[in-house]
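Engineer: Just so you know, the protein sequences line up as chains A and B, in that order. For the first sequence, position 273 matches number 307 in our numbering, and the numbering has no gaps at all. For the second sequence, position 9 matches number 61 in our numbering, and the numbering has no gaps at all. Every residue gets a Cβ at the ideal spot worked out from N, C-alpha and C, and that includes glycine.
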Amino acid sequence: MTPVVELIAARKRYGAVEALRGVDLCIQPGEAVALLGPNGAGKTTTISLMLGLRRPTSGTARLFGLDPTNRRARSRTGVMLQESGVMGVLTVRETVRLFRSYYPCPLPLVQVLALAGLEEVADRRVMRLSGGQRQRLYFALAICGDPEVLFLDEPTVGMDVEARRAFLAGMRAASSAGKTIVLTTHYLEEADALAERIVVIDHGVVIADTSPRELKARVASKRVSFSVAIPLGDDALAGLPVMSVQRSGQHVRLLSNEPETVLRALFGRGVALADLEVTGADLEDAFLALTRREEDT
Amino acid sequence: MRRAVGAPAVAPFGRMLLMQTWSRLLWFWRIPAWTVSSLAMPVFFFTFFGLRFAHLTDAGGFSVGSYFLASFGAYAVGQVMVFSFGIGVSTERMLKQDLLMRATPLPPLVHLLARTLSALLFALLALIGLIVYGVVVGGIREDLSVWATVVVRLLAGSLPFIALGFAIGYFAGNAAPAVANLIYVPLSFASGLFIPVSQLPSFAQQVAPYLPTYHYGQLAWSAIGAPSEPVATSLTWLTGYMVLFLAFAVRAYRREEEQKFG
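1. Under a three-way DSSP split, which group does M114(A) fall into?
2. If I61(A) sits next to V216(A), beta carbons under 8 Å apart, how far is it from one beta carbon to the other, in whole angstroms?
3. Do you know offhand how far G119(A)'s Cα is from R307(B)'s?
4. For Y119(B) versus A278(B), is the C-beta distance shorter than 7 Å?
5. Out of curiosity, what's the CA-to-CA distance linking R82(B) and L216(B)?
6. How long is the line joining the alpha carbons of V121(B) and T78(A), rounded to whole angstroms?
7. Exposed or buried, Y48(A), counting other C-beta atoms within 10 Å across all chains shown (16 or more means buried)?
8. So which of L158(B), M153(B), V237(B) has the shortest CA-CA distance to Y137(A)?
9. Which first and last residues belong to the beta strand (DSSP E) in which Y48(A) is found?
10. Of all the beta strand (DSSP E) runs that stay within the bounds of the stretch 173-234 of chain A, which reach a length of 3 or more residues?
11. Tell me the DSSP bridge mates of D236(A)?
12. Just confirm the distance between the C-beta atoms of A68(A) and L228(A), as a whole number of angstroms; I'd bet it's less than 8 Å.
13. Sort W79(B), G269(B), G314(B), F114(B) by Cα distance to M161(A) and report the nearest one.
14. Check the C-beta distance from M146(B) over to N226(B) and give it rounded, since I have them as a contact under 8 Å.
15. May I ask you to report which of helix, strand or coil DSSP gives S164(A)?
16. Could you please give the first and the last residue of the uninterrupted alpha helix (DSSP H) stretch that includes A148(A)?
17. How is I83(B) classed by DSSP in three states: helix, strand or coil?
18. Compile a chain-ordered list of the residues in the stretch 139-166 of chain A whose CB is closer than 7 Å to at least one CB of chain B.
19. Quick check on DSSP: helix, strand or coil for I247(B)?
20. Could you check the C-alpha separation between E117(A) and A299(B) for me, to the nearest Å?
21. With distances taken between CB atoms, is the gap from E65(A) to T214(A) smaller than 7 Å?
22. Would you call the CB atoms of A150(A) and R127(A) closer than 7 Å?
23. On a CA-only basis, which of V195(A), Q167(A), G204(A), R198(A) is nearest L184(A)? Give me that one, please.
24. At a Cβ threshold of 7 Å, is R82(B) touching chain A?
25. Measuring alpha carbon to alpha carbon, tell me which of L87(A), T91(A), P140(A), G112(A) ends up nearest P60(B).
26. Using DSSP with H/G/I as helix, E/B as strand and the rest coil, what is V189(B)?
27. Please return the same chain residues whose Cβ sits closer than 7 Å to the Cβ of R76(B), not counting the five positions on each side in sequence.
28. Got a sec? Which residues, its chain only, sit under 8 Å from E328(A) by beta carbon, not counting five neighbours each side?
29. Please identify the residue among P90(A), R303(A), R199(A) whose C-alpha is closest to the C-alpha of L54(A).
30. Taking Cβ positions only, does V210(A) come closer than 7 Å to chain B?
31. Span of the alpha helix (DSSP H) holding K256(A)?
32. Excluding sequence positions up to five away, which residues of its chain have a Cβ less than 8 Å from the Cβ of L263(B)?
33. Would you say A63(B) faces chain A, with C-beta separation under 7 Å as the test?
34. To the nearest angstrom, report how far apart D101(A) and D150(B) are at their CA atoms.
35. Can you give me the C-alpha to C-alpha distance between R287(A) and M121(A), rounded to a whole angstrom?
36. Using 8 Å for Cβ pairs, my map puts F246(B) next to F101(B). What's the rounded Cβ distance?
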């Protein structure tokens, strides 16, 4: 089966800055993939290459086996971009109707409005929409062509909690209906909730490409948190197998593969702990450890 | 995947063009500044500068009223082209409307054609309004075929102003409305579109024959029987200006393509 997306040794340079330093990525039909990484890591550049909005400096980008600018490839693709706009004087309905005309087999207008939760504002002009409503409109424009793949660049920015929950539910439904989903985010819970595959990008390279569960297992296995009466000095942790430390006042959070060793040493050094908790690391911890490690090398 | 066999792979060209053109027409229609400057201003200018001479016949045998209608018709069409393309392109870039559109299967050619068609239709509306006003209020009489010639020539000859609009849209950025005014209004004035060239200060009279708007006006003046240069001469000048403006526009367009989408 032809992969939906293929990046082969893709590099992208903007002047002196190398935003992508050789990315290989293959996404198969039906996959739900999250591209995760800190700001400026190269996520948006990666998605721009996949969509043909930018050309790789070297290497190859393909969409459905075609050049990403090919109309046949784009007709099977829905896109929600971080920074984009539509004509403000058109109404929601007119805008969706216009975008439907770009696709060979669009969804019925009423269905698009219902899926995006826009029925009540269908006749409002785009410029009078709230931030969250506008985001829902962009979602409507992404799905109106009944695409096989959805590209979503930071889709929930500007949505309130309720809207975000509804959006994620919608995405999960689309995913189980067999749509391919490619999402960039820096909200880890979003990636965890939606994706079965997480690609971590940092400094223009892929530093991990795996399932959320394995990603968690692969890096820090345990999170140790406790509070201390006297703030913890750096020397208290010197030489211990700790991947990262977060301190906020009296509260301390550590990441470690060997929590027993760490705790034994802390007790040995006479540190008085309270509220001790040892849990499996969540994705955020894993991510921190992963990007931190990359910086050290 | 679950696409029916034999289903079209891309959307039909005609429907895209129709929807895109219609949307642009709505865009024109719903921005009051637009409708006022494109539809009302030429009528206002005609009333102010030309109406009191509308009943006169020139010694050359043509109607002075028709002459003014032809002049302001040229002003109106050029204005719609320069401003719709100039401001249209610059707003699209500033509001990043171009980005999302680029990620859709809409072919850039359809976008360009829709822009042109909608501008032509809007210009046609402006021309019809102006001529009907001149006939009804000014009592100006010409054969329908004369008006038809004026309309067809002005619409067909407006391509250089589309190119000028593009160049302004790419070069001037968010200053596009101001720059378009600074360029287009003096250009029209110095070319005799507001008051005949023969009434202009002598300096302007010397400059006029080198301006695109002057040769554009000639297309309309010759249609109503006023003394004018041969149509072929006008067309040659207009083609030259179109190539010049296009060269500017294409250069700016390429530069931006490289920066934003390279």
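Structural biologist: Quick answer:
1. strand
2. 6 Å
3. 22 Å
4. yes
5. 24 Å
6. Here residue 121(B) is Leu; the residue named in the question, Val, does not match the sequence. Cα-Cα distance, rounded: 54 Å.
7. exposed
8. L158(B)
9. 39-48
10. 183-187, 214-219
11. V239(A)
12. 6 Å
13. W79(B)
14. 6 Å
15. coil
16. 143-149
17. coil
18. C139
19. coil
20. 30 Å
21. yes
22. no
23. G204(A)
24. yes
25. P140(A)
26. coil
27. A166, R167, S170
28. Legend: pLDDT at E328(A) = 44, less than 50; position of this residue unreliable, value from coordinates given subsequently. Correct list, in chain order: D236, H237, I241.
29. P90(A)
30. The identity of residue 210(A) in the sequence shown is Ser, whereas the question assumes Val. No, because no Cβ of chain B sits closer than 7 Å to the Cβ of S210(A).
31. Per DSSP, K256(A) belongs to no alpha helix (DSSP H); it is in the beta strand (DSSP E), 256-262.
32. L239, A242, S243
33. yes
34. 20 Å
35. 48 Å
36. 6 Å
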